[in-house]
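Student:
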Amino acid sequence: MDFLWEGVEEAVRLIARGDRAVLHAAYNSVACTLTAVLLAAALALPYGAWLALCRPPLARTQVLLLRWGMFTPTVVVGLVVYGLLSRQGPLGSIDQLYTQQAIVAGEFLLAFPVLGALTHAAVAQLDPVVAETARTLGAGRARTLLTVLGEVRLPLAAALLTAFARCFSELGVAVTVGGNLELETRTLASTVVLDLSRGRFGAALAPGLILLGIALLVMLVAGRLERERRR
Amino acid sequence: MRRAGAIAVLVALGLAGLWALDPAPPAPAAGRLRLATTTSTANSGLLAWLLAPFEAREGLRVQVIAVGTGQALALGRRGDCDLVMVHARAEEDAFLAAGHGVDRRDLMSNDFVVLGPRDDPAGIRGMEDPGAALARVLERGATFLSRGDESGTHLKERALWARVGVDPERRRGYLKAGDGMARCIEVAHQKQAYVLADRGTWLAMAPRPDLAVLVEGHPSLRNPYGVILVNPARHPHVNAEGARRLLDWLTSPEGQARIGAFRVGGEVLFHPLARE
Chain A
6 MDFLWEGVEE AVRLIARGDR AVLHAAYNSV ACTLTAVLLA AALALPYGAW
56 LALCRPPLAR TQVLLLRWGM FTPTVVVGLV VYGLLSRQGP LGSIDQLYTQ
106 QAIVAGEFLL AFPVLGALTH AAVAQLDPVV AETARTLGAG RARTLLTVLG
156 EVRLPLAAAL LTAFARCFSE LGVAVTVGGN LELETRTLAS TVVLDLSRGR
206 FGAALAPGLI LLGIALLVML VAGRLERERR R
Chain B
1325 MRRAGAIAVL VALGLAGLWA LDPAPPAPAA GRLRLATTTS TANSGLLAWL
1375 LAPFEAREGL RVQVIAVGTG QALALGRRGD CDLVMVHARA EEDAFLAAGH
1425 GVDRRDLMSN DFVVLGPRDD PAGIRGMEDP GAALARVLER GATFLSRGDE
1475 SGTHLKERAL WARVGVDPER RRGYLKAGDG MARCIEVAHQ KQAYVLADRG
1525 TWLAMAPRPD LAVLVEGHPS LRNPYGVILV NPARHPHVNA EGARRLLDWL
1575 TSPEGQARIG AFRVGGEVLF HPLARE
């Protein structure tokens, strides 16, 4: 149990000292995750809503695939992206392996199914009258979509947080396509792995605690926004 | 509608701003060198210490991808790094013979030790031949923990078993961790198992009081490292020029002296090996 206490001490020390590597890892975690989740949301929210509202052919299969995608182990997503970006892969020429962009691409693939499936579920629950009313009032497609998404904003916020959580704490992508490069692609979660592989358990706990701290902050901010919107 | 558009623009601007704030922006591809190597060189702290003067003088950033020897060579085969630094001579020669690499040079060596429980239930302390010691561990019903990950250490362990003609696979007491060196040492410590480790990782770790070095010093425990350039004829995109400069520097008197001067807890971990 000693190392738990040691971890707390180490976390405080790293933050107080403004340790460059840890700060950059925290920055990476936040920047990559936010970018990936927002990009995925820009596509997955309309897609999920479209599946629920327009019931295109094979809608159920698509929903099934989205839900299935939520189970993909992060390392498998990492491997797929590695295969694409490797020098011998189809996208090797763009030279993006072991970059932050590669991590964003992988996390995008992690976030997309979560956001799509949960948006679909939320919109499917909604009274179809909402969309019809919007349409009869002369709303175009985009406006109808926004109205519908606005009606389910609480479950959408939960979906966004779930996707954020999946990406923020993931490891498989960060290590396989990020390469865990110090001051470049190292994230908080992959810092934990590295310290573990060095056999330094207390030090490994510190970035984990920082990660949890940031996650708590994000939740508090999100909760705050939610309350303001409801007023 | 207009408000949604404004929010989207704000979010996009916010993201762009977030990326502009990157406290350590990535090096441009031209000033970047990728070295795939083993966890032992990176985890012991050698590489950070060794590469700092080279990076400063040459204005290159060396990205160290620390994986096992097997994976490092695989990255080289795929052209995903510019040079490899590994320790498994047979695999290195195969890598060269297949045309994946050019200009292999001896770099440095350290040595392996057999670690085990301090009270040594299998009674191998002080044995000369590490292969015979490993065989005795299983004969006496004790536990041996293998890396089991195709790393250089794992390959060395296999060679030791082969020397005494023992096949440990599926034998009682033979466990495979599938993890890095330091983690394996920790698992062995917790399970009171025997384990083959490189001395560097063992010394660089915080003390594990219930584990001790039991067998050491035999010639078969020597662990030479080599550096190989990824073949630029096969992978034209590699930073061949930068990789060669690093190779030359590592094997120069200056680089070799720096390797020999690296110490952990007052002990020399790696002995320079390059011949001029």
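Note that the protein sequences, when read in sequence, are chains A and B. Just so we're aligned, residue 6 is where the first sequence starts under my numbering, counting upward by one. Just so we're aligned, residue 1325 is where the second sequence starts under my numbering, counting upward by one. By construction, the Cβ of each residue, glycine as well, lies at the ideal position given by its N, Cα and C atoms. Source: prediction; values computed, not measured.
1) Pick helix, strand or coil for residue 1510 of chain B, following the three-state DSSP scheme.
2) Starting from the Cα of residue 98 of chain A, find the closest Cα among B:1433, B:1403, B:1423 and give me that residue.
3) List the residues of chain A whose Cβ lies closer than 7 Å to the Cβ of residue 1559 of chain B, in chain order.
4) List the endpoints of the continuous alpha helix (DSSP H) containing residue 174 of chain A.
5) How would you list, in chain order, the residues of chain B whose beta-carbon sits under 8 Å from the beta-carbon of residue 39 of chain A?
6) Where do the N-terminal and C-terminal ends of the alpha helix (DSSP H) with residue 1425 of chain B fall, by residue?
7) Thinking C-alpha only, which one of A:228, A:179, A:189 is nearest residue 1349 of chain B?
8) Answer with buried or exposed for residue 1331 of chain B, where buried requires no fewer than 16 other C-beta atoms within 10 angstroms of its C-beta.
9) Quick test of the definition: if touching needs 3 or more C-beta pairs under 8 Å, does the stretch 120-136 of chain A touch the stretch 194-206 of chain A?
10) What residues of chain B sit near residue 205 of chain A, judged by a beta carbon separation below 9 Å?
11) Would you call the stretch 170-177 of chain A and the stretch 34-45 of chain A touching, i.e. three or more CB-CB distances under 8 Å?
12) With a threshold of 7 Å on Cβ separation, who are the neighbours of residue 67 of chain A within its own chain once the five nearest residues in sequence on each side are excluded?
13) Determine the closest residue to residue 1559 of chain B out of B:1592, B:1461, B:1439, B:1424, with distance taken between C-alpha atoms.
14) Using the rule of at least 16 other Cβ atoms within 10 Å of the residue's Cβ for burial, across every protein chain shown, is residue 1587 of chain B buried or exposed?
15) Do residue 115 of chain A and residue 79 of chain A have their C-beta atoms closer together than 8 Å?
16) For residue 130 of chain A, which of helix, strand or coil comes out of DSSP?
17) Would you decide whether residue 149 of chain A is buried or exposed? Buried here means 16 or more other CB atoms lie within 10 Å of its CB.
18) From the DSSP output, in three-state form, read off residue 1415 of chain B for me.
19) Go to residue 103 of chain A, then tell me how far its beta strand (DSSP E) extends in each direction, as first and last residue.
20) Quick one: which chain B residues come within Cβ less than 7 Å of residue 188 of chain A?
21) Measuring alpha carbon to alpha carbon, tell me which residue in A:210, A:138, A:91, A:126 is nearest residue 51 of chain A.
22) Since residue 1363 of chain B meets chain A, which of its residues come closer than 9 Å, beta carbon to beta carbon?
23) Helix, strand or coil, according to DSSP, for residue 1409 of chain B in the structure here?
24) Is the beta carbon of residue 1488 of chain B sitting closer than 8 Å to the one on residue 1447 of chain B?
25) Go ahead and label residue 1507 of chain B buried or exposed: buried means 16 or more other beta carbons lie within 10 angstroms of its beta carbon, across all protein chains shown.
26) DSSP has residue 1595 of chain B in a bridge; who is on the other side?
27) Tell me, please, whether the CB atom of residue 52 of chain A is closer than 8 Å to any CB atom in chain B?
28) On the CB-based measure, 16 or more other CB atoms within 10 Å of its CB, does residue 117 of chain A come out buried or exposed?
29) Going by DSSP in three states, residue 1334 of chain B sits in which element: helix, strand or coil?
30) Is residue 1368 of chain B helix, strand or coil by DSSP?
31) Using 8 Å as the limit for Cβ to Cβ distance, is residue 1600 of chain B near chain A?
32) List, in chain order, every chain A residue whose beta-carbon is nearer than 9 Å to that of residue 1414 of chain B.
33) By DSSP, does residue 1460 of chain B sit in helix, in strand, or in coil?
Tutor: Answer, in terms of the structure:
1) Taking the first residue of the second sequence as position 1, residue 1510 of chain B is located at position 186. Here residue 1510 of chain B carries a helix assignment [DSSP, helix/strand/coil].
2) Here residue 98 of chain A is taken as the residue at index 93 of the first sequence, counted from 1. Taking only the C-alpha atoms, the option nearest residue 98 of chain A is B:1403.
3) Along the second sequence, read from residue 1 onward, the residue named residue 1559 of chain B stands at position 235. By Cβ distance, chain A contributes 92.
4) Counted from its first residue, the first sequence places residue 174 of chain A at position 169. From DSSP, residue 174 of chain A is part of no alpha helix (DSSP H); its letter is neither H nor E.
5) Taking the first sequence and counting its residues from 1, the one referred to as residue 39 of chain A is at position 34. The answer, in chain order, is 1339, 1342.
6) For the purposes of this step, residue 1425 of chain B is taken as residue 101 along the second sequence, with counting starting at 1. It is not in any alpha helix (DSSP H) - residue 1425 of chain B instead sits in the beta strand (DSSP E) that spans 1425-1441.
7) In the second sequence, residue 1349 of chain B corresponds to position 25, counting from 1. Each of A:228, A:179, A:189 was checked against the Cα of residue 1349 of chain B, and the nearest Cα belongs to A:189.
8) As a working mapping, residue 1331 of chain B is identified with position 7 in the second sequence. Result: exposed.
9) Not touching, per the Cβ criterion.
10) Within the first sequence, residue 205 of chain A is the residue found at index 200, counting from 1. Those are 1506, 1529, 1530, listed as they occur along chain B.
11) The stretch 170-177 of chain A makes contact with the stretch 34-45 of chain A: 3 or more CB pairs, one atom from each, lie closer than 8 Å.
12) Your numbering for residue 67 of chain A matches position 62 in the first sequence. Cβ neighbours of residue 67 of chain A beyond the five flanking positions: 56.
13) Position 235 of the second sequence, counting from 1, holds the residue named residue 1559 of chain B. The residue among B:1592, B:1461, B:1439, B:1424 with its C-alpha nearest the C-alpha of residue 1559 of chain B is B:1424.
14) Your numbering for residue 1587 of chain B matches position 263 in the second sequence. Here residue 1587 of chain B is exposed. Its C-beta has fewer than 16 other C-beta atoms within 10 Å.
15) Taking the first residue of the first sequence as 1, we reach residue 115 of chain A at position 110. Taking the first residue of the first sequence as 1, we reach residue 79 of chain A at position 74. Taking 8 Å as the Cβ cut-off, residue 115 of chain A and residue 79 of chain A qualify as a contacting pair.
16) Position 125 of the first sequence, counted from the first residue, corresponds to residue 130 of chain A. Helix, per DSSP.
17) Position 144 of the first sequence, counted from the first residue, corresponds to residue 149 of chain A. Sixteen is the threshold: when 16 or more other Cβ atoms of the shown chains lie within 10 Å of the Cβ of residue 149 of chain A, as they do, the residue is buried.
18) Your numbering for residue 1415 of chain B matches position 91 in the second sequence. In this structure, residue 1415 of chain B counts as helix in the three-state DSSP scheme.
19) Along the first sequence, read from residue 1 onward, the residue named residue 103 of chain A stands at position 98. Residue 103 of chain A -> no beta strand (DSSP E), and no H or E assigned at all.
20) Counted from its first residue, the first sequence places residue 188 of chain A at position 183. Neighbourhood of residue 188 of chain A in chain B, by CB distance below 7 Å: 1348, in chain order.
21) On the first sequence, residue 51 of chain A is found 46 positions in, with the first residue counted as 1. Selected option, being the one with the closest Cα: A:126.
22) Residue mapping note: residue 1363 of chain B aligns to position 39 of the second sequence, counting from 1. Going along chain A in sequence order, the residues near residue 1363 of chain B (Cβ under 9 Å) are 202, 203.
23) Residue numbering aside, residue 1409 of chain B sits at position 85 when the second sequence is read from its first letter. Strand at residue 1409 of chain B.
24) What you label residue 1488 of chain B is simply residue 164 of the second sequence in a count that begins at 1. What you label residue 1447 of chain B is simply residue 123 of the second sequence in a count that begins at 1. No, they are not a contact pair.
25) Here residue 1507 of chain B corresponds to residue number 183 of the second sequence, with the count starting at 1. By the 10 Å Cβ count, residue 1507 of chain B comes out buried.
26) The residue labelled residue 1595 of chain B in the question sits at position 271 within the second sequence. According to DSSP, residue 1595 of chain B shares a beta bridge with B:1433.
27) Along the first sequence, read from residue 1 onward, the residue named residue 52 of chain A stands at position 47. Look at residue 52 of chain A: its C-beta is not under 8 Å from any C-beta on chain B.
28) Here residue 117 of chain A corresponds to residue number 112 of the first sequence, with the count starting at 1. So residue 117 of chain A counts as buried.
29) Translated into positions along the second sequence, residue 1334 of chain B becomes position 10. Helix, per DSSP.
30) Your numbering for residue 1368 of chain B matches position 44 in the second sequence. If DSSP states are grouped into helix, strand and coil, residue 1368 of chain B belongs with coil.
31) Here residue 1600 of chain B refers to the residue found at position 276 of the second sequence. The predicted position of residue 1600 of chain B is uncertain, since its pLDDT is 48 and thus under 50; a value taken from the coordinates is nonetheless stated next. Taking Cβ atoms only, chain A never reaches closer than 8 Å to residue 1600 of chain B, which makes this a no.
32) Walking along the second sequence from the start, residue 1414 of chain B turns up at place 90. Neighbours of residue 1414 of chain B across chain A, judged by C-beta separation under 9 Å, do not exist; the nearest C-beta is about 24 Å away.
33) Taking the second sequence and counting its residues from 1, the one referred to as residue 1460 of chain B is at position 136. Residue 1460 of chain B falls in the helix class under three-state DSSP.
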